[in-house]
Structures are given as C-alpha cells and as structure tokens.
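These protein sequence lines map, in sequence, to chains S and R.
UniProt numbering numbers the first residue of the first sequence as 1 and each following residue consecutively.
UniProt numbering numbers the first residue of the second sequence as 1 and each following residue consecutively.
Glycine included, each C-beta is placed from N, C-alpha and C at the ideal position.
Report on one structure; see the data block that follows.
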Amino acid sequence: MNWIGNNLPLIGERTLDHIAITAPVILLSFLISVPIGWVANRFTASRGIVLSASGVFYAIPSLPLFVALPVILGTGLRSPVNVTIGLTLYGIALMVRSTADGLASVDPDVTQSATAMGFSDSSRFWRVELPLAGPVLLAGLRVVSVSTVSLATVVAVLGVPTLGLFFTDGVERNILGEIWAGIVMTIVIALVFDVIIVQLGRLLMPWTRSSSAAVSRPGRRTRVVAPV
Amino acid sequence: MIEFRAVNKTFPDGTRAVENFSAVIPSRTTTVLVGSSGCGKTTLLRMINRMVDPTDGAIEIDGENIADVAAVKLRRSIGYVMQNSGLLPHRKVIDNIATVPLLKGVPKADAHRHALELMETVGLDLSLAQRYPAQLSGGQQQRVGVARGLAVNPNILLMDEPFGAVDPIVRADLQKETLRLQRELDKTVVFVTHDIDEAFLLGDQVIILEKGARIAQQGTPEEILANPASEFVADFIGADRGKRRLTVSSTAQPQGDDVVLIDAGGYAAGVISAPDGKLATGHSSPKSRSISNKTDQAGDA
Ligand SMILES: Nc1ncnc2c1ncn2[C@@H]1O[C@H](COP(=O)(O)OP(=O)(O)OP(=O)(O)O)[C@@H](O)[C@H]1O
Ligand SMILES: [Mg+2]
C-alpha cells in the first residue's frame, strides 16, 4: 500500500482524467438519445428497428470497437475524440431504450389533454412528455453513468490516460496497491456521479418526491422499466 | 352557436364513428350528448376543437368554418374538461389552472392571480394551490380541471364525462356546481355523458345518440321524457320499464302534505308535495328534472 501514499498526486490526476472523459460522454449520450428515442417512440415501425439496433450495438465487444473506430473516423488511436465517440455510442445504445420507454410511459390522457389545451406539438414534447418521462430517463441515465465509468477503464489498453492505466500498469509491474487504487477510485467516481444524477433528478422533478401516489395510480404510468 | 353540418368521421382503421351528424348547439346553453359507450360522443366533442377532423362535412362556430382556424389557436380559445381531469402531474394546481394563459404569454403573476380567483369560483380551497395533482382527491382534481377549462374565459366549454370517475355523492355535488357555474358564467357548454339522469339534470338541450352518432332524439329533457321518439329512446331513458312513470301510492297513507309515489316495480320512488292538502299541478318546468332524479335514486337502490 506504500504505492498509494507515494502516488497520491498521480491518483488525483488520473481520477480527474477519468472524470474528464466520462462526464461529457454521459451528457452526450443523454442529449443524443432524446431525439432518437423520440423517433423510436413516435412511429410504430421505427420503434422495433431502433431498439433492436441499439441492443445489437451494445453487444459489440468494446476493445475491437475502440481499435476499429480510429480507422473508420480517421482519428488517432489515442485521440480523446475516438474514445469519446466510442463510449458515447455505448451510452446511446443503453439510453435510447430508456428514452423510448420513458416517452411511452406518459399517460395518454395527459398528452391528450395537453393537446386539447392548445400545446403545439413541440411545446407538448418539451414541456409535457419529456419531463413526465423524467423518472424513466433518470433510471436509464444512472445505468449509463455506471456503465460509462467502468467502460472507460478499458481504453487504458490503448494508452489513453484513465484510471484503467492503474490496472494495466499495476498488473504488469505487480503492484497490488496500484490496482486497488484504480478499482476504488472507479467505484468512487461511479457513486459520486450517481448521487449527483439522483439529486439533479430530485431538483428537476419535484413532483416525483411530493408523494408516492404520483406513480401509483393503478394501471397508469407505472410501467417503470427495469434498466439494463 | 356551434353548428354541425352533415359531419362524417371514418377513422383510418375503417371505424365509422360519426355518420351524417347535423345539429345546432345554441350559445349560452348547455347541450348534453348522451349515449352508450362507443356511440361517438367523444369523437363529436373532439371535432369541435379539432382534435379530430371530420372526414367530410363542416363544423361552424358562429358562422366560421373551424377548418379555417389554426388548430392550436382554436384549442386555446375553447375550454376542455375530461374524465380523470387530465391534469399535468408535474405542475402544481395553480400552474395547471394557469397553463393556457401562460402558453398565450400572459405574465405569470397575472395568470396566477386569475388562477386563484378561479379556484374560488369552482369551490376549491386556496391552500391547495401549491399541491401537485396526485395530492388531491378525485373530486378536487375534477374541480381543478374545470377551473383550468375556464382559465381563458372561453365562450365554449367542452366537458367529456367530467364526473365519470368520482363517487355519486361527489358527483351530485359537482353537478350542482356545474349548474351554478352555468347560471353565473353563461357559457356554451357541450357536455358528454352516458348517464341519462345527468343529461336531464344538466341539459337545456339533450341529444340522445345511437351508434355512429345517429341522433335518436333531440330536445329539452321535458320533451324527451314526455314523448320518447322511439323504442330506443324509451328504452334508454328507462320509460319502458315504467321507471319514470310514477303513480300515487294507493296503500301508503299520505304523510302530512306529502303523497308517496311508486314506480312500476312497486318501489317507493319519492314523494310529491301537496300543499293545502291537494296536489299542485300546472307549474312544472323544473319539476320533471327533480322527479326524474329521485326516481333514479330509488330505482338504483
Ligand atoms: N383514434 C381512433 N381510431 C379508430 N377508432 C376510433 C378512434 N377513436 C374512437 N374510435 C372508435 O370510434 C367509435 C366512437 O368512439 P368514441 O370515443 O367517440 O365513443 P364514446 O361515445 O365517447 O364512448 P365512451 O362512452 O366509451 O367514451 C368507437 O367505436 C371507437 O372504437
Ligand atoms: Mg368518450
């Protein structure tokens, strides 16, 4: 464990690297999934296609993808752009389903009454459907967050600086403390991100904490989807 | 005035929901569309605010064909109240009521002040303003729904089975409020229900519909009760069972000035007051409604 004491600044640096890579990926996955999820939910034909495509995509092994992407994109193997795009693709693959499910979970009575009141299609989407899909989106985003934080360790194999470097380096040089530092800090980041997302959700969706009755009207809006 | 001219609606799946419907809905009165489930009431109602567009035929409001009015603009000028209130679960009561004024760009403070006034109008405690819809009872939610429907001070208020999901006592209460509001606010109300008693209670004009929104009979409650146009209508209003044909009880002793009435099933249906020891006849316009109401309660008991 000496290693940890001697390398605190390095641990801090790698942790920040890890955050710098993963935080934008989580945000991007969310933002890009909204329009795709909307399309999936809007048209019956597109739903099946989009959802199976994203499911299949998630099954692609990550390492080959990260090796292949630079070739496809013409970026350098260690370019952060390459890593960001690769991780975001996985994030989207997870998040699209949550978005589509979330939008589908909105009570049709509510959307109808919004229409009847004179919401235009776009204002109805942004001000009614998307916020009401919020709890399901939130559940999905938490999964994306954890998955991204752990997946980002893999890109260390390519030499991209993340906490994953502690695994590769620690195994190579047989330093147990270094491996532990990598594991623990990855978990800490995942937990902190999760807390931030949950708190953000509470802040942005005050109606969900006002009462449990909000989600327990029988047969309505209870289709909360188990993420993964 | 709302006028339907030979309106048809066939849904993409081939369902003919409305077949050649023509009717005039006079201003500042309540017209009730009543009929059994699936006969096309909601479809008719939703054609008035263009949530459903007719396959052919025209609908005019005060002489203007609504097909020429932008749907969003039209909807913001018409109040709409539906079963289960359709309140926005993520907005507080006060914001729900103020939804349309806020959409139209009314300053928030003004919209909120007006929303509080409306809460009083519909008999809601102002302390509920900051609650979310899920924190209200069904009856309170319906009142919020009505307040929201009134928020833009519309000339027309569309109500689709607004009291279908509340218990009979609360419903009776809400019906009374609706009558009061109509007297005070003088709106053109189009009210949909499948409850004939509610229709007779609330309607100045009642339109009884058969499948495909074909008009079985149209008239005042008194006209329909006195003269059912067909077997279907008689059946629908319960006249054939003698449910509404009341006779003075020959066995029960008159209780003071009141005489007990019995229905065809032999059950006590209510009493009729006989001031001065004899039955008053002649001035009868609101009476048929209250009698029909008593009948129903006895019949259902
Ligand atoms: N969007 C739609 N697509 C296809 N058919 C529809 C659609 N909306 C309604 N219908 C059909 O049109 C007919 C009339 O429906 P409508 O909702 O107007 O009935 P309703 O009188 O309001 O019934 P209820 O009392 O049950 O609410 C029904 O047969 C219904 O199945
Ligand atoms: Mg209906």
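- Separation of F30(S) and L141(S) (C-alpha to C-alpha, rounded to the nearest whole angstrom) is 7 Å.
- The DSSP-derived three-state label of V81(S) is helix.
- Within chain S, the residues placing a beta-carbon under 7 Å from that of G86(R) are D109, V110, Q112, S113, ordered along the chain.
- DSSP lists no beta-bridge partner residue for E117(R).
- If only complete runs of 3 or more residues are kept, the region 132–180 of chain R shows the beta strand (DSSP E) at 156–160, in order along the chain.
- Remark: the C-beta of P54(R) is outside contact range of ligand 1, defined as less than 8 Å to any heavy atom.
- Put simply, of D62(R), I215(R), G105(R) the residue whose alpha carbon is nearest the alpha carbon of E19(R) is I215(R).
- Taking 8 Å as the cut-off, one finds no heavy atom of ligand 1 near enough to the beta carbon of P206(S).
- When the alpha-carbon of V72(R) is set against those of R124(S), I175(S), W207(S), the nearest one is in R124(S).
- DSSP places S46(S) outside any beta strand (DSSP E); the residue lies instead in the alpha helix (DSSP H), whose first and last residues are 44–58.
- Counting only Cβ-Cβ distances below 8 Å, L103(R) has contacts in chain S at M117, G118, F119, S123, in chain order.
- Considering only E161(R), Q140(R), M1(R), P101(R), the residue with the shortest C-alpha distance to I61(R) is M1(R).
- With respect to the C-alpha of M205(S), the residue from P64(S), L130(S), V25(S), G5(S) having the closest C-alpha is L130(S).
- Nearest Cα to L132(S) within the set G201(S), S33(S), L27(S), I197(S): G201(S).
- Where T75(S) is concerned, there is no enclosing beta strand (DSSP E), because DSSP gives it neither an H nor an E.
- Distance from the C-beta of T15(R) to the nearest heavy atom of ligand 1 is below 8 Å.
- The closest heavy atom of ligand 2 lies 8 Å or more from the beta carbon of T99(S).
- Residues of the region 45–62 of chain R with a C-beta atom less than 7 Å from some C-beta of chain S are N49, M51, listed in chain order.
- If the five residues before and after L44(R) are omitted, its C-beta is found closer than 7 Å to the C-beta atoms of V18, F21, L33, A213, all from its own chain and listed in chain order.
- Here the alpha carbons of T188(R) and L28(S) stand approximately 50 Å from one another.
- S54(S) and R46(R) have their alpha carbons spaced roughly 38 Å apart.
- Closest by C-alpha distance to S62(S), out of W126(S), M95(S), L158(S), R47(S), is L158(S).
- For the region 179–198 of chain S, the set of residues with a beta-carbon nearer than 9 Å to any beta-carbon of chain R is empty.
- Minimum Cα-Cα distance from E222(R) among the listed residues Q141(R), E231(R), D197(R) corresponds to D197(R).
- Out of R16(R), T30(R), L116(R), A6(R), the CA that lies nearest to the CA of Q205(R) is found in T30(R).
- Within the region 106–134 of chain R, the residues whose Cβ lies closer than 7 Å to some Cβ of chain S are Y132, A134, listed in chain order.
- Under the DSSP definition of a beta bridge, S273(R) partners with D258(R).
- For the 9 Å CB-CB criterion, Q140(R) and K92(R) do not form a contact.
- Within 8 Å of the C-beta of D109(S) there is not a single heavy atom belonging to ligand 2.
- Short note on G38(R): C-beta closer than 8 Å to some heavy atom of ligand 1.
- Here the distance from the Cβ of F191(R) to the nearest heavy atom of ligand 1 is not below 8 Å.
- Here the alpha carbons of L69(S) and L87(S) stand approximately 11 Å from one another.
- Residues of the region 71–84 of chain R with a C-beta less than 7 Å from any C-beta of chain S: V72, R75, R76, Y80, M82, N84, listed in chain order.
- Flagged as an interface residue toward chain R: W207(S), by a C-beta distance shorter than 9 Å.
- Taking C-beta atoms under 8 Å as the contact rule, V50(S) and V106(S) fail to qualify, at a distance of about 18 Å.
- Taking a 10 Å sphere around the C-beta of G63(R), we find fewer than 16 other C-beta atoms and assign the residue as exposed.
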